Amino acid sequence: MDAGEASAIGARARMIRRRRGLSLEVVAGLAGITKGYLSMLENGQRGFNRRGLLEDLAAALGCSVVDLTGQPYPPPNRTSAETLAVLPGIREIVYDATVDDAPQIQARSVAQLAAAVRRANEFRDAGRYGPAGRELSALLAELHVHTAAGGGHNRRVALPVLVEACHVAAAVAEVVGHQDLALACAVREFEAAEALGDNSALTSLSAYSLGQTWLRVGARRKAAATFAKAVEECNHVDPNAPDTAAAEMAGMVQLGSALLGARRGDRDAVTAHLDEAASLAERTGERNTQLQHFGPINVALWKVAIAVDLGDGVSAAEAVEADPIPVELLGSSLRSANLSLDLARGWAQAEGDRDAEAIRALDAADRAAPTMVRNHPLARELLDDLYGRARRRVWELDSLLNRFDISNRRSRGVNN
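According to this note's numbering, the sequence shown is numbered sequentially starting from 100.
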């Protein structure tokens, strides 16, 4: 099995465990799983269909999540390659400039930059990360020129645009597995919002983004501190205000906090934060500040994702099958893809009994947002797991393997 393939997460875990001189029993105990289950994970007999499991195992082994996933992957398609190509420019400006210090370059007006940043954000929401990142390095550089120019109106109108641009940049870097750059962009997003000072919506958005990024690298303590502070600061938000932006972003913070609870296996925290988010969504209705799509539909989507992380994926998928979530009303390819991927992971938790449904859902996710799905470590692991369980050739699986560009398949016989 190629160590670069998603199917090698278990093999990487075994290699790191042996390098550390740790026994199966010790690592399993630290990760909160049984010795037998860890052995099956290492041997590819069980898949990593919960992000929390991946984080727990990384912590037990004393390594990063990225050490286990092997990200970034070779680009599986042209759009992934295009996305990777924009990262050096983003990296240069994020590390070279600060909110108060920028290169001496000519900058377009803030209004022009704001329009271009919004287009990039719309591309992100559509799952088109290559176009989303195409102009980002120039946009970030020019926005830093405006924010570093001193006080006054120009800086104040540039800072919110910089927050949005950094939010997009973090998403672009994250989707192709460059978590270090995603974290740097999320930190800059947070710094820009803090510099603005009096915009609770953007402060909450940036805290949500930073907390999510800390979670993706397995830094739960940092994520917990970020979310806890943001939740406390959101307590004063009026959900009945005519401008719902602050309440929407407070809701996103609650959703992020619920996800953290799921990763920790804290069902009480999950319930409390989801209830708070649902209450806010009832007040705001369906909104879309900063293209976050906060509202009852999005809360329903998060409930599915969190159920999967808690290991309740089959029941969550069955509930959606019986009463579909109208995700299409959001007009977001990315949200549709995320739901389909969560359903695929949920069906896969039936350990083979619902693999046909898992394959269909994974195919739907890939068609909605191929760059995101093909670079997603759990999607790649799921695909290999489904292939390993298949008792005969399945065209849809072969098609997915080809689309993901996973050519080194598990060596085994297949009954035609």
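Glycine is no exception: its CB is placed at the ideal position from the N, C-alpha and C atoms.
Treat the numbers as computed from the prediction; the structure is a model and nothing was measured.
Hey, quick one: how far does the alpha helix (DSSP H) through residue i stretch, first residue to last?
| i | result |
| --- | --- |
| Arg409 | Checking the displayed sequence, the identity of residue 409 turns out to be Leu instead of Arg. Leu409 -> no alpha helix (DSSP H), and no H or E assigned at all. |
| Gln278 | Gln278 to Leu295 |
| Thr168 | Val164 to Thr168 |
| Ile192 | Arg177 to Asp195 |
| Leu261 | His252 to Val274 |
| Ile108 | Ile108 to Arg119 |
| His372 | Arg366 to Thr383 |
| Asn298 | Where Asn298 is concerned, there is no enclosing alpha helix (DSSP H), given that its DSSP letter is neither H nor E. |
| Ile458 | Asp454 to Ala467 |
| Phe147 | Element bounds for Phe147: n/a, residue is neither H nor E. |
| Thr325 | Arg319 to Glu332 |
| Leu433 | Ser432 to Ala447 |
| Pro476 | Pro476 to Arg488 |
| Asp422 | It is not in any alpha helix (DSSP H) - Asp422 carries neither H nor E in the DSSP assignment. |
| Glu450 | Careful: Glu450 lies outside any alpha helix (DSSP H) and carries neither H nor E. |
| Ser356 | Ala344 to Arg363 |
Count the other CB atoms, across all protein chains shown, that sit within 10 Å of the CB of residue i; report buried if there are 16 or more and exposed otherwise.
| i | result |
| --- | --- |
| Ile204 | exposed |
| Asn334 | exposed |
| Leu186 | buried |
| His252 | exposed |
| Tyr194 | exposed |
| Pro173 | exposed |
| Gly355 | buried |
| Gln211 | exposed |
| Gly430 | exposed |
| Arg492 | exposed |
| Ala340 | exposed |
| Ser498 | exposed |
| Trp446 | buried |
| Glu480 | buried |
| Leu428 | exposed |
| Trp401 | buried |
| Lys297 | The residue you asked about is not Lys; residue 297 is Asp in the sequence shown. Exposed. |
| Asn474 | buried |
| Glu420 | exposed |
| Thr370 | exposed |
| Ala269 | buried |
| Ser510 | Unreliable placement is indicated for Ser510, whose pLDDT of 39 sits below 50; no coordinate value is reported for it. |
| Ala184 | exposed |
| Val513 | Residue placement at Val513 is flagged as unreliable, the pLDDT there being 34, under the threshold of 50; the coordinate-derived value follows with that caveat. Exposed is the call here. |
| Gly276 | buried |
| Arg223 | buried |
Rounded to the nearest angstrom, how far is the Cβ of residue i from that of residue j, given a contact under 8 angstroms?
| i | j | result |
| --- | --- | --- |
| Gly412 | Arg459 | With 8 angstroms as the limit, Gly412 and Arg459 do not qualify as a contact, their Cβ atoms being about 15 angstroms apart. |
| Leu123 | Lys134 | 5 angstroms |
| Leu295 | Leu304 | In fact, because the Cβ distance is near 11 angstroms, the residues do not count as touching under 8 angstroms. |
| Arg362 | Leu314 | 7 angstroms |
| Ile77 | Ser236 | The structure shown does not extend to residue 77, since the chain is modelled only from 100 through 515, so no value can be given for it. |
| Gly350 | Leu379 | 4 angstroms |
| Arg149 | Asp408 | 5 angstroms |
| Val271 | Thr182 | 6 angstroms |
| Val267 | Ala291 | The Cβ separation is near 13 angstroms, so there is no contact. |
| Val216 | Ala264 | 5 angstroms |
Between the options, which lies nearest to residue i when the distance is taken from Cα to Cα?
| i | options | result |
| --- | --- | --- |
| Ala214 | Leu242, Ala270, Arg116 and Leu280 | Leu242 |
| His372 | Asp452, Leu359, Leu121 and Leu156 | Leu359 |
| Val209 | Thr182, Asn501, Val407 and Ala257 | Ala257 |
| Asp200 | Leu239, Ser431 and Asp497 | Leu239 |
| Tyr336 | Thr383, Asp365 and Ala357 | The sequence shown places Val at residue 336, rather than the Tyr named in the question. If we check each option's Cα against that of Val336, Thr383 comes out closest. |
| Asp504 | Gly487, Arg488, Arg490 and Leu482 | Leu482 |
| Gly143 | Trp494, Leu496 and Tyr486 | Tyr486 |
| Leu156 | Val126, Glu385 and Arg218 | Val126 |
| Ala107 | Val352, Phe147, Leu121 and Gly131 | Phe147 |
| Ala306 | Ala416, Val352 and Ala404 | Val352 |
| Glu347 | Gly364, Glu375 and Val369 | Glu375 |
| Arg159 | Leu440, Gly317, Asn501 and Gln448 | Residue identity differs from the one stated: residue 159 is Ala in this sequence, not Arg. Among Leu440, Gly317, Asn501 and Gln448, the Cα nearest to that of Ala159 is on Gly317. |
| Val198 | Gly250, Ala415 and Thr343 | Gly250 |
| Arg386 | Ala219, Thr343, Gln278 and Arg117 | Thr343 |
| Ala196 | Arg117, Gly120, Ala416 and Arg287 | Arg287 |
- prompt: Would you call the segment 151-171 and the segment 462-472 in contact, with 3 or more CB pairs under 8 angstroms?
  reply: no
Segment contact flag, the segment 305-312 with the segment 222-231, C-beta cutoff 8 angstroms, min 3 pairs: no
message: Check whether the segment 394-410 and the segment 427-437 touch, using three or more Cβ-Cβ pairs below 8 angstroms as the test.
response: yes
task: Assess, as a yes-or-no matter, whether the segment 325-332 is touched by the segment 107-116 under the definition of 3 or more beta carbon pairs within less than 8 angstroms.
output: no
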